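Asks:
Following this line, the structure appears as structure tokens:
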């Protein structure tokens, strides 16, 4: 019987012989931690820009009008400048013309994104016409 023994350096040399011609970093430049972080930041920022561009394109062909209700009918608005002491309730009472004042107050608050019924003098308020 014959035995073959290889020492560690010869085994490592045999394994690495196939990889001597190829290199993963042909320029020989090695990035430190700051360089790797900067490269990662640039790649991520480009990905965010690309995703936002695709997101803008995704909603570009919507045909729904901006001032539409659930039944897809156009709603007309008038814009009123609030006088001192005006509230949503006082404006809705003037505009309701015998209709439901509470529903109109709710609509005005929703359309104008108002949290309270109090208005500032000179504030512009959009009121839907019924």
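Numbering (this note's numbering), first residue to last: 1 to 130.
By construction, the Cβ of each residue, glycine as well, lies at the ideal position given by its N, Cα and C atoms.
All values reported here derive from a predicted model rather than from experimental measurement.
Report the residue from 31, 114 and 78 whose alpha carbon sits nearest the alpha carbon of residue 87.
Replies: 114
Asks: By DSSP's criteria, residue 128 is part of a beta bridge. Which residues make up the other side?
Replies: 77
Asks: Applying the criterion that 16 or more other CB atoms from any shown protein chain within 10 Å of the CB defines a buried residue, is residue 91 buried or exposed?
Replies: Buried: at least 16 other Cβ atoms inside 10 Å.
Asks: Residue 32 lies in the alpha helix (DSSP H); which residues open and close that run?
Replies: Neither: residue 32 is in no alpha helix (DSSP H) and is coded neither H nor E.
Asks: Given a threshold of 16 other Cβ atoms within 10 Å of its Cβ, counted over all protein chains shown, does residue 107 qualify as buried or as exposed?
Replies: Residue 107 is buried by the Cβ-count criterion.
Asks: From the DSSP secondary-structure annotation, give me the bridge partner or partners of residue 107.
Replies: The partner list for residue 107 (beta bridge, DSSP) is empty, contrary to what the question assumes.
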